[in-house]
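**Student:** Numbering (our numbering), first residue to last: 81 to 370. Idealized CB from N, CA, C, for every residue including glycine.
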Amino acid sequence: MDDLNELFEKDNPETALPELQEAAQRDDTGAMLTLGGLFNGQGKSRLAEYWLTQAAYKGDAKSMRDLAGFLREQGRHQEAERWYTQAATTGDTKAMFVLGNLANEQGRTGEAERWHLQAAENGHVPSMNNLGNLLNKGGKPREAEHWYLQAAHAGDVLAMHNLAMLLGSQDRLEEAEHWGFQAASDGHVPAMRTLATLLQYQDKLREAEHWYLQAADNGSTPAMSNLGHLLKDQGRLEEAERWYLRATETHHPKAMHILGLFFKEQERSQEAEKWFTRAAEDGNTESAYE
81 MDDLNELFEK DNPETALPEL QEAAQRDDTG AMLTLGGLFN GQGKSRLAEY WLTQAAYKGD
141 AKSMRDLAGF LREQGRHQEA ERWYTQAATT GDTKAMFVLG NLANEQGRTG EAERWHLQAA
201 ENGHVPSMNN LGNLLNKGGK PREAEHWYLQ AAHAGDVLAM HNLAMLLGSQ DRLEEAEHWG
261 FQAASDGHVP AMRTLATLLQ YQDKLREAEH WYLQAADNGS TPAMSNLGHL LKDQGRLEEA
321 ERWYLRATET HHPKAMHILG LFFKEQERSQ EAEKWFTRAA EDGNTESAYE
């Protein structure tokens, strides 16, 4: 079969089945994978597994990954991991990435680091960022910085943000601001808030307000509260109150507590009590003591 995608454009899956099965019987790996996905979508798990397994035994890394993903969905994690490992041994960096994530989720940190390192050294950008996270949490900030930087230069906004936070924690504010700006300019909302915080720390208040506003307008509850703090400290109390109130619209208990504190400072005790009560009911333990 020359083009499976063309077949599906012309025919519905039921019509395509005979041709797909014929192609699969001729050892067409693409047809096997398509049949596996088709049967899986129809809830025919045994047929899906049969064709995905046939494709995987052809030695193609993507086929192994597809089978592993199917097995993982079925809750058969050990079998899935074996197939991901098979794919990784062929040099497949996507399988290495998944194995690194699985190992990390299960607390096998050393193994996670090894898989992400192998993928990162072979150019897999998300693994560079994840490796940076593992190294940073493991108390190896210099090595973490190296991999964050590699991923950031490759255009990974998560790595840019992580690098900004790492550099900011080391008081390397100019570098942190640079990477925070890169990530924020690419639309990464948490980076907008981080950049705003860095700017505020340097008393660049107008710029900080701009980026808090960008993050808040993109739904960041912490940015809404932070913007409220910034405005309150400038005596712009009506604007501050509006942002504190907007933060509570996300039903975030911490935001409710912050609004309660604001009203308490303004000696508006009834309103403060209302928000402390709501925050406590939603699980904020600090409000229970106000």
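Would Leu278 pass as a contact of Ala256 if the rule is Cβ separation under 8 Å?
**Tutor:** Taking 8 Å as the Cβ cut-off, Leu278 and Ala256 qualify as a contacting pair.
**Student:** Would you tell me roughly how many angstroms separate the C-alpha atoms of Glu99 and Asp107, rounded to the nearest one?
**Tutor:** Cα to Cα, the separation comes out at about 13 Å.
**Student:** Assuming Leu275 and Gly299 form a contact by the criterion Cβ under 8 Å, report the distance between their Cβ atoms to the nearest whole angstrom.
**Tutor:** Between Gly299 and Leu275 the Cβ distance is about 17 Å, and since that is not below 8 Å, they are no contact.
**Student:** Between the alpha carbons of Asn181 and Arg316, how many angstroms are there, rounded?
**Tutor:** Using only the alpha carbons, I get a separation of about 46 Å.
**Student:** Less than 8 Å between the CB atoms is what I'm expecting for Ala224 and Leu246, so what's the real figure, rounded?
**Tutor:** Confirmed, Cβ separation roughly 6 Å.
**Student:** Which same chain residues end up closer than 6 Å to Asp140 when comparing Cβ atoms and leaving out the 5 residues on each side of it in sequence?
**Tutor:** Cβ neighbours of Asp140 beyond the five flanking positions: Thr109.
**Student:** Compute the Euclidean distance between the alpha carbons of Glu102 and Lys124, then round it to the nearest angstrom.
**Tutor:** Distance between the alpha carbons of Glu102 and Lys124 is about 19 Å.
**Student:** DSSP three-state label for Arg348, please.
**Tutor:** Looking at Arg348 - three-state DSSP - the assignment turns out to be coil, as it is neither helix nor strand.
**Student:** Could you tell me which of Leu341, Gly116, Gln186 sits nearest to Ser143, measuring between CA atoms?
**Tutor:** Checking every option, the nearest Cα to that of Ser143 belongs to Gly116.
**Student:** Whose CA, out of Ala104, Leu310, Asn209, lies closest to the CA of His233?
**Tutor:** The shortest Cα separation from His233 among Ala104, Leu310, Asn209 belongs to Asn209.
**Student:** For Pro333 and Asn306, I'd like the C-alpha separation in whole angstroms.
**Tutor:** Whole-angstrom Cα-Cα distance: 15 Å.
**Student:** Report buried or exposed for His241, applying the criterion of at least 16 other Cβ atoms within 10 angstroms of its Cβ.
**Tutor:** It counts as buried.
**Student:** Kindly indicate the opening and closing residues of the alpha helix (DSSP H) around Ser300.
**Tutor:** Looking at the DSSP string, Ser300 is not in any alpha helix (DSSP H), and its letter there is neither H nor E.
**Student:** Which stretch, first to last residue, makes up the alpha helix (DSSP H) that contains Gly117?
**Tutor:** Element bounds for Gly117: 109 to 121.
**Student:** Using only alpha-carbon positions, find the residue among His268, Asn202, Tyr281, Gln280 that is nearest to Gln294.
**Tutor:** Cα-wise, what sits closest to Gln294 is His268.
**Student:** Rounded to the nearest angstrom, what separates Gly363 and Lys344 at their Cα positions?
**Tutor:** Cα to Cα, Gly363 sits roughly 20 Å from Lys344.
**Student:** With a CB to CB cut of under 7 Å and the five nearest residues on each side skipped, what residues in its chain are close to Ala136?
**Tutor:** Answer for Ala136: Ser143, Met144, Leu147, Trp163, listed in chain order.
**Student:** What are the boundary residues of the alpha helix (DSSP H) that includes Ser125?
**Tutor:** Counting along the chain, the alpha helix (DSSP H) containing Ser125 begins and ends at 125 to 136.
**Student:** Please work out which residues of its chain come closer than 7 Å, Cβ to Cβ, to Arg358, disregarding the five sequence neighbours upstream and downstream, and give them in chain order.
**Tutor:** Answer for Arg358: Met336, listed in chain order.
**Student:** By alpha-carbon positions, which one of Ala175, Glu366, Thr170 ends up nearest to Glu161?
**Tutor:** If we check each option's Cα against that of Glu161, Ala175 comes out closest.
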